[in-house]
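From first to last, the protein sequence lines are chains F and S. At position 121 of the first sequence (counting the first as 1) the number is 121 in the working numbering, and the numbers step up by one without a gap. At position 15 of the second sequence (counting the first as 1) the number is 15 in the working numbering, and the numbers step up by one without a gap. All C-beta atoms, glycine included, are put in the ideal place defined by N, C-alpha and C. Here the structure is a predicted model, which means the values were calculated and not measured.
2 protein chains.
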Amino acid sequence: MEFGIRLRSVFSVVVFLLYIESSAYGRVLSNSKPDRKNVVASARWLVAENTWGVLSTVSGDLRGAPWGNVVSFSDGIPGKGTGIPYFYLTTLDVTARNALKDPRASLAISEKPIGTCTKDPMDPTCAKLTLTGKLLPLKQGSEEAKVAEKALFAKHPEMIGWPKSHDFQFFKLEICHIFLLNWYGGPKLITVQEYLNAKPIKPVSSL
Amino acid sequence: MEFGIRLRSVFSVVVFLLYIESSAYGRVLSNSKPDRKNVVASARWLVAENTWGVLSTVSGDLRGAPWGNVVSFSDGIPGKGTGIPYFYLTTLDVTARNALKDPRASLAISEKPIGTCTKDPMDPTCAKLTLTGKLLPLKQGSEEAKVAEKALFAKHPEMIGWPKSHDFQFFKLEICHIFLLNWYGGPKLITVQEYLNAKPIKPVSSL
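See the structure below:
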């Protein structure tokens with residue numbers, strides 16, 4: 001009897017710790033990854049689930065070198081993403097300065113930070129996406145700047161407190177080309193129209 | 001007395017689970033991050049501890065756009081890294097093709113995948129690094145190609161089994177410029193010489 005009670009208390013602790021674990025690493029345990037054959041959903045899922053990537057611009061300082069920079073982004077509030085990546089950048093940083101001189105840019109993201117890929121990041125089954133286009137500042141107070149603000153502040157609440165004096169502005173990547181690799185057999189063809197018309201990805205918590 | 005025994009058994013389970021946790025997420029609990037004031041060690045640590053990043057090249061297909069691609073890399077076997085990023089690329093993939101036409105390239109990496117940053121990936125305390133230079137193929141069978149092979153296969157054992165028919169080659173980034181942000185106050189100045197002369201970063205397991 002006493003043994004039974006002790007077992008139960010141990011069991012409770014295990015369940016409690018597993019609960020904490022599943023909260024902290026929820027995205028690993030609840031896998032929302034779309035079927036690989038649905039390439040449009042796969043691309044939109046990578047953008048909806050990732051919160052940061054590398055934004056490359058043409059370097060003004062380094063003779064036009066393709067210059068990547070780690071940035072946070074958001075394509076919308078969870079469950080209502082549009083697929084368009086928005087950014088909160090300051091001209092104190094090189095990327096925004098580069099873009100204002102030459103808007104050509106790309107955003108590269110990996111499945112790895114989402115937690116669903118157990119293979120090497122370069123294995124073709126570990127999905128990766130590069131969106132190429134123009135990195136454009138949004139007019140202050142415009143409708144799209146408000147959309148960008150909601151999108152970014154929902155996924156990056158720390159941004160709300162970033163210093164006003166640093167003159168952060170909202171930018172978007174106007175997508176012209178999509179490169180997706182999510183299985184063997186080379187990159188998958190997706191048009192920008194197909195990508196933008198796809199329905200929003202449901203966040204894991206609602207599945 | 002009985003209560004004491006029960007408490008002890010619960011405590012044992014907690015300790016055991018924390019042990020499992022620390023093994024699985026060891027890099028989070030055993031923090032090898034250098035002092036932020038040691039900017040050279042900080043840069044070398046980001047390269048030694050990360051296994052993937054975004055390699056940007058000048059796109060031949062997309063009118064010279066700066067084109068980022070998720071890639072695996074290694075700067076050496078753990079504890080003996082040189083700071084030079086090596087890659088295992090195939091001309092079936094766009095990045096290698098771009099580099100063979102125009103070697104200008106950059107590698108951007110974040111502290112985020114290492115697991116030591118709890119802030120937003122764009123917060124200045126969440127370290128990030130961009131190495132800019134030339135992406136060069138290494139002569140097959142050369143001493144440096146052997147160094148690259150050892151470096152890459154040690155950190156990416158899956159690469160050993162990648163199809164021979166895909167004609168993978170070893171490449172390196174010959175670094176010309178270093179951008180590090182690891183605290184408030186803008187990017188830190190590091191010369192390529194300082195960076196390459198620094199001593200190798202010890203892996204977490206040996207600390």
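At least one CB atom of chain S sits nearer than 8 Å to the CB of F/GLU158.
Against chain F, the beta carbon of S/THR82 has no neighbour under 7 Å; the closest one sits roughly 21 Å away. Fully contained in the segment 55-100 of chain S are the following beta strand (DSSP E) runs of length 3 or more, in chain order: 66-72 and 86-90. DSSP places F/GLU174 outside any alpha helix (DSSP H); the residue lies instead in the beta strand (DSSP E), whose first and last residues are 168-181. In the DSSP assignment, F/ARG104 falls within the unbroken beta strand (DSSP E) covering 104-110. Boundaries for F/LEU138: no alpha helix (DSSP H) harbours it, and the DSSP string shows neither H nor E there. Residue burial annotation: F/ASN197 is exposed, with fewer than 16 other C-beta atoms found within 10 angstroms of its C-beta. Annotation: the continuous alpha helix (DSSP H) that includes S/ALA148 extends over 143-155. When 9 Å is used as the limit between beta carbons, F/LEU62 is near these residues of chain S: ARG104, SER106, THR132, CYS176 and HIS177, in chain order.
Under DSSP, the beta-bridge partners assigned to F/GLY53 are F/VAL71. Below 8 Å, enough C-beta pairs join the segment 95-104 of chain S and the segment 133-143 of chain S to call them touching: three or more. A Cβ-Cβ contact shorter than 8 Å links F/ASP120 with S/GLU158. When rounded, the separation of the alpha-carbon atoms in F/PHE179 and S/SER106 is 19 Å. Classified as buried, F/ASN50 has 16 or more neighbouring CB atoms from the shown chains inside 10 Å of its CB.
Scanning F/SER142, F/LYS37 and F/LYS199 for the CA closest to the CA of F/TRP183 turns up F/LYS37. Among the CB atoms of chain S, one or more fall inside 8 Å of the CB of F/SER110.
If you look at F/VAL192, you'll find it in the alpha helix (DSSP H) that goes 192-197.
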